[in-house]
Amino acid sequence: MSITYVERDQNKADNQSIVTVFLLVSMLIVAISMIGLMSTLTMNVLDRTKEVGMLRCVGARAKDLWTMFTSEGVFISLVGWLIGLPVGAALSYIIQYNLQESLKMDLPLEYALHYIPVAFLITVVGTVLVVQPPLLRAIRLRPGEALRYQ
Numbered sequence: 000m001s002i003t004y005v006e007r008d009q010n011k012a013d014n015q016s017i018v019t020v021f022l023l024v025s026m027l028i029v030a031i032s033m034i035g036l037m038s039t040l041t042m043n044v045l046d047r048t049k050e051v052g053m054l055r056c057v058g059a060r061a062k063d064l065w066t067m068f069t070s071e072g073v074f075i076s077l078v079g080w081l082i083g084l085p086v087g088a089a090l091s092y093i094i095q096y097n098l099q100e101s102l103k104m105d106l107p108l109e110y111a112l113h114y115i116p117v118a119f120l121i122t123v124v125g126t127v128l129v130v131q132p133p134l135l136r137a138i139r140l141r142p143g144e145a146l147r148y149q
């Protein structure tokens, strides 16, 4: 059985549509993850308000608090990134296999390795941006208010 050029081009267009859908779903997942990270870090700041007040009383500067909360957020997101990378690859293979079986056509799975450092950079930059709202709340607290906080 031979495939004509028209059929081959149609298959490529179909494959590109599938890739685009997966890319959009991936972006949605990342956005939801960032919202979850912001929620987690906001709760972390609220839970540690007294600790922030004590740190401010003993001389911690805004820069020190920024470093502490930002590094904590980056660490959490990097752990998620390190877990997500192999899980995402495994899910990609499973989805590719199932689509090949159901569509009865060859769907090549290619990983562009240059996307890995790009994803890493997006993770770090996104985390630093997402950490800012709860971080600004912690930095603006006066030590007395923070120590009275229940």
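The sequence shown begins at 0 in numbering that gives the first Met the number 0 and counts up one residue at a time. We put the CB at the ideal spot given by N, CA and C, even for glycine.
Between which two residues does the alpha helix (DSSP H) containing residue i stretch?
| i | result |
| --- | --- |
| G35 | Y4 to D46 |
| M67 | A61 to L102 |
| P132 | Y114 to R139 |
| E144 | P142 to R147 |
Thinking C-alpha only, which one of the options is nearest residue i?
| i | options | result |
| --- | --- | --- |
| S130 | S70, R147, P85 and E109 | The amino acid at residue 130 is misidentified as Ser; the sequence shows Val. Nearest C-alpha to V130: S70. |
| G79 | I94, C56 and I121 | I121 |
| P133 | D13, T41 and I34 | T41 |
| L36 | L23, P142, G125 and L135 | G125 |
| G143 | F68, L54 and L102 | L54 |
| N14 | Q99, K62 and N43 | Q99 |
Give me the Cα-Cα distance between residue i and residue j, rounded to the nearest whole angstrom.
| i | j | result |
| --- | --- | --- |
| I75 | R7 | 44 Å |
| Y92 | E109 | 10 Å |
| V73 | I82 | 14 Å |
| T39 | S32 | 10 Å |
| M26 | V18 | 12 Å |
| V86 | K49 | 38 Å |
Quick one: measure Cβ to Cβ for residue i and residue j, integer angstroms, because I've assumed they're closer than 8 Å.
| i | j | result |
| --- | --- | --- |
| L140 | G58 | Not quite, the Cβ-Cβ distance comes to about 15 Å (not below 8 Å), so this is no contact. |
| L64 | A145 | Not quite, the Cβ-Cβ distance comes to about 11 Å (not below 8 Å), so this is no contact. |
| Q95 | L106 | 6 Å |
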